[in-house]
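Have a look at the structure below before the remarks.
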């Protein structure tokens with residue numbers, strides 16, 4: 001079966017299986033020694049490379065960099081699975097639940113006619129889901145670049 005005839009599910013499963021193989025005995029020595037901590041710099045680097053490819057408006061680059069960001073997600077999920085913490089299925093279920101719950105104007109009977117209304121509702125729903133956040137700084141990553149951090153604090 002060529003890549004162009006594989007279903008989305010088959011391609012995703014293949015990527016998950018490749019990551020598992022890389023982390024298995026006899027897999028890649030570099031991949032085997034990685035941890036969540038050691039991979040942090042690569043996640044940031046890949047995200048910035050994706051941003052650059054978007055700025056360049058180069059679809060081939062965007063596609064490649066999206067794959068590199070997805071690799072980071074698969075890698076972290078694999079590490080967590082090995083530690084019996086969570087799996088890629090858990091990640092996907094969490095994402096799907098979040099997308100549906102934060103879009104009641106699409107999946108429910110709420111109304112939102114403008115992007116601004118959507119953003120206001122998104123923040124309200126997010127705050128409702130995370131009542132433990134009591135400070136304006138809660139949920140703002142300390143490692144966020146200074147200008148992004150300042151903007152988030154101001155909002």
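Residue numbers (my numbering): 1 to 155.
Even for Gly, the Cβ is constructed at its ideal location relative to N, Cα and C.
Once the 5 residues before and after residue 69 are set aside, which same chain residues still bring their CB inside 7 Å of it?
Cβ neighbours of residue 69 beyond the five flanking positions: 46, 47, 50.
Distance, Cα to Cα, residue 31 vs residue 22?
Spanning the two alpha carbons is a distance of roughly 6 Å.
Is the closest heavy atom of the ligand MG to the C-beta of residue 43 under 8 Å?
As presented, the structure is devoid of all ligands, the ligand MG included, so that no description of it is given.
For the alpha helix (DSSP H) that residue 66 lies in, which residues bound it at each end?
That run of the alpha helix (DSSP H) goes 59-82.
Quick one: Cα of residue 66 to Cα of residue 15, how far?
For residue 66 and residue 15, the distance between alpha carbons rounds to 13 Å.
Could you tell me the alpha carbon to alpha carbon distance between residue 131 and residue 119, rounded to whole angstroms?
Each residue's Cα considered, the two are about 18 Å apart.
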